[in-house]
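Trainee: Line order of the protein sequences matches chains B and D. All residue numbers for the first sequence refer to the working numbering, where the first residue is 76 and numbers rise by one. All residue numbers for the second sequence refer to the working numbering, where the first residue is 739 and numbers rise by one.
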Amino acid sequence: MTELYIQSAVRITSDQVWVNGEKANITREKESAWLTDIYRHLGIQYPKFFKMDNLCKAGFLASEFAMKGTNLEPSEEKRDWSVLLFNRSSSLDNDQNYQKTIADSSNYFPSPAVFVYTLSNIVTGEIAIRNKIMGESCSYIMEKFDEELLYENGLIGLSEGKGINNLLIGWVEYIDGKCDVLLFHVSREKNANTICSWNNIGIKKFFL
Amino acid sequence: MDALVQELKEKVIQALNLEDVTPDDIDANAPLFGEGLGLDSIDALELIVLMERNYGIKLKNANEGKDIFKSIQVMADYISKNRTK
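(1) Following the continuous alpha helix (DSSP H) through arginine 791 of chain D, name the residue where it begins and the one where it ends.
(2) Would you say alanine 137 of chain B and valine 85 of chain B are within 8 Å of each other, going by their C-beta atoms?
(3) Have a look at B:Leu225, B:Asp255, B:Glu201 and B:Glu218 and flag the residue whose alpha-carbon is nearest the alpha-carbon of lysine 123 of chain B.
(4) Taking the beta carbon of aspartate 168 of chain B as the centre, do at least 16 other beta carbons fall within 10 Å, making it buried, or is it exposed?
(5) For glutamate 784 of chain D, tell me which candidate among D:Asn767, D:Gln752 and D:Asp765 has the shortest Cα-Cα distance.
(6) In chain D, which residues lie less than 8 Å from phenylalanine 308 of chain B when you measure between Cβ atoms?
(7) What is the rounded straight-line gap between the Cα of serine 92 of chain B and the Cα of arginine 205 of chain B?
(8) Tell whether a beta-carbon distance below 8 Å holds between tryptophan 273 of chain B and glycine 229 of chain B.
(9) Please give me, in chain order, every unbroken run of the beta strand (DSSP E) with length at least 3 that falls completely inside the segment 84-165 of chain B.
(10) Name, going along the chain, the residues of the segment 183-203 of chain B whose beta-carbon falls closer than 8 Å to a beta-carbon of chain D.
(11) Could you check if isoleucine 795 of chain D belongs to the surroundings of the ligand HEM, using beta carbon to heavy atom distance under 7 Å?
(12) Measuring only between beta-carbons, confirm whether leucine 783 of chain D sits less than 8 Å from chain B.
(13) Once you ignore the five residues that flank tyrosine 793 of chain D on each side, which residues in its own chain have a CB closer than 8 Å to its CB?
(14) Under DSSP, the alpha helix (DSSP H) around glutamate 802 of chain D begins and ends at which residues?
(15) Leucine 225 of chain B lies in the alpha helix (DSSP H); which residues open and close that run?
(16) Mind checking who glycine 245 of chain B pairs with in its DSSP beta bridge?
(17) Hey, glutamate 790 of chain D and lysine 796 of chain D: beta-carbon distance below 8 Å or not?
(18) With a threshold of 16 other CB atoms inside 10 Å of the CB of alanine 267 of chain B, please say whether the residue is buried or exposed.
(19) What's the C-alpha gap between leucine 754 of chain D and tyrosine 121 of chain B?
(20) In whole angstroms, what is the alpha-carbon distance linking aspartate 251 of chain B and proline 185 of chain B?
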């Protein structure tokens, strides 16, 4: 029987970040976007971040916090890792931005850079590219956050024989300026970094 | 020409979301792709849109971009000869 062990939990809302249940002290800059402030807080150099849409930025930032706890470098190939994400609005936030670039026939300039983010699975791809994650990379749309469904997919993702020992799994939603992210690093094995096991009722405490 | 080069630097930074780059950071003669600013294929498409939107230049063949987007200076030269607005 596969067990799921939570190694890290990252919660990002429209104005707060919690890592493993502890609030991160993010400095807000004047005239700077919230997600950009979080990026600056992380102290990383990844210029591609600024090209991402807000959904991607939110998922990317959560993954950065989650991966920090692993002591693995982004450049290290991770063959036993997968990324499984869920949300409700898919890429609708950015779809609307793209629609604005084609709405006016007298000012019709479809933006390629905006268009490339009009799919929610681009988030899993960006995280996989950043961290050289070679396993499965999927995003699913569901009506609302469903812990049981996440748990079941976590079990499947880490089931015996797939060669996957680590999962980034969670809810990454961004729509109309509202950010709602809960991302976990879950592993098959318990180790010194394990916060708790995920036994189907175990993650509510991270929903801050 | 200097004014166009400066304007182009600002427009490229804005269009390509080069958040941590200022106009002074861009060497007008440095390659835009590969090294230099490290732009990618999507950025190339965005530059094609920039040329049309701001200067009325419509590239008939995307491959033309290879020569035109060598550097900011080469872009400025091309724009000054071909602009319609």
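All C-beta atoms, glycine included, are put in the ideal place defined by N, C-alpha and C.
Mentor: Let me spell this out:
(1) For arginine 791 of chain D, the enclosing alpha helix (DSSP H) covers residues 779-793.
(2) Yes, Cβ-Cβ distance for alanine 137 of chain B and valine 85 of chain B is below 8 Å.
(3) Here the closest residue by C-alpha is B:Glu201.
(4) By the 10 Å Cβ count, aspartate 168 of chain B comes out buried.
(5) Out of D:Asn767, D:Gln752 and D:Asp765, D:Gln752 has the C-alpha closest to the C-alpha of glutamate 784 of chain D.
(6) What the structure shows of chain B is the stretch from 76 to 283, and residue 308 of chain B is not part of that stretch, so it cannot be assessed.
(7) Note on identity: in this sequence residue 92 of chain B is valine, with serine being the wrong assignment. Distance between the alpha carbons of valine 92 of chain B and arginine 205 of chain B: 21 Å.
(8) Their beta carbons are under 8 Å apart, which means tryptophan 273 of chain B touches glycine 229 of chain B by this criterion.
(9) Unbroken beta strand (DSSP E) runs of no fewer than 3 residues, entirely contained in the segment 84-165 of chain B, are found at 92-94 and 156-162, following chain order.
(10) Look at the segment 183-203 of chain B: the residues with a C-beta under 8 Å from a C-beta of chain D are Phe184, Pro185, Ser186, Pro187, Ala188 and Val191.
(11) Ligands in the displayed structure: none, and consequently the ligand HEM is not present.
(12) Yes - at least one Cβ of chain B is within 8 Å of the one on leucine 783 of chain D.
(13) Excluding positions up to five away in sequence, the list reads Ile817, Asn820, Arg821, Thr822 and Lys823.
(14) Start and end: 802-806.
(15) Note, leucine 225 of chain B: alpha helix (DSSP H), 222-232.
(16) B:Leu160 and B:Leu258.
(17) Yes, the Cβ-Cβ distance between glutamate 790 of chain D and lysine 796 of chain D is below 8 Å.
(18) So alanine 267 of chain B counts as exposed.
(19) Taking the straight line from one Cα to the other gives about 14 Å.
(20) Rounded to whole angstroms, the gap between the alpha carbons of aspartate 251 of chain B and proline 185 of chain B is 21 Å.
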